[in-house]
Amino acid sequence: AGGPMMGFTLSDLSTPVTKGTSGVTVLTRDDVRRAEQTNCVRCGRCVDVCPLRLVPTKMAMAAKFRDWELAKRYHLQACCECGCCGYACPASIPLVQLIRLGKAQIPKE
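Using this note's numbering, read the sequence shown as starting at 7 and increasing by one per residue.
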């Protein structure tokens, strides 16, 4: 399960590889082109590629601004964090990272 899009970036090369590490993907500088993050252009690509048909931009913004009612309305906890939305986003918004933070911070009922 998982794959490169389910992982996360490590900037510290001293991070240990443990039993739970399913793989390591190493990219060259040419492979990694940091795109400048811009404002959402409301193109809908993130929704089009979401396997659960969620609205990642709404969930990410709800998490960013700690609007937990909005996060619940857009089913933040249902996100599988596959990374498709972030990959498809032409504005380079870190959707999955924002959603992960929101899922960790949303008050438990």
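We treat Cβ as the ideally placed atom computed from N, Cα and C, and that holds for glycine.
Query raised in the report: Distance, Cα to Cα, residue 27 vs residue 101?
Result: The count along the sequence shown starts at 1 and reaches residue 27 at position 21. The count along the sequence shown starts at 1 and reaches residue 101 at position 95. Going from the Cα of residue 27 to the Cα of residue 101 covers about 23 Å.
Query - Cβ-based burial, residue 89 [other Cβ within 10 Å; buried from 16] - result: What you label residue 89 is simply residue 83 of the sequence shown in a count that begins at 1. Counting Cβ neighbours within 10 Å, residue 89 comes out buried, since at least 16 surround it.
Query raised in the report: What do you get for residue 58, buried or exposed, if any count of 16 or more other CB atoms within 10 angstroms of its CB means buried?
Result: Start at 1 with the first residue of the sequence shown, and residue 58 comes out as number 52. Looking at its Cβ environment, which holds fewer than 16 other Cβ atoms inside 10 Å, residue 58 is exposed.
Query raised in the report: Does the stretch 92–111 touch the stretch 48–64, meaning 3 or more C-beta pairs lie closer than 8 Å?
Result: yes
Query raised in the report: Along the chain, where does the alpha helix (DSSP H) that runs through residue 90 open and close?
Result: Counted from its first residue, the sequence shown places residue 90 at position 84. From DSSP, the alpha helix (DSSP H) with residue 90 extends over 90–94.
Query raised in the report: So what's residue 61 in DSSP terms, helix, strand or just coil?
Result: Here the question's residue 61 lines up with position 55 in the sequence shown. Residue 61 falls in the coil class under three-state DSSP.
Query raised in the report: Should residue 68 go down as buried or exposed, given a rule of 16 or more other Cβ atoms within 10 Å for buried?
Result: In the sequence shown, residue 68 corresponds to position 62, counting from 1. By the 10 Å Cβ count, residue 68 comes out buried.
Query raised in the report: Of all the options 104, 99, 51, 108, which has the alpha carbon lying nearest to the alpha carbon of residue 78?
Result: By one-based count along the sequence shown, residue 78 stands at place 72. Residue 78 has its Cα closest to that of 108, out of 104, 99, 51, 108.
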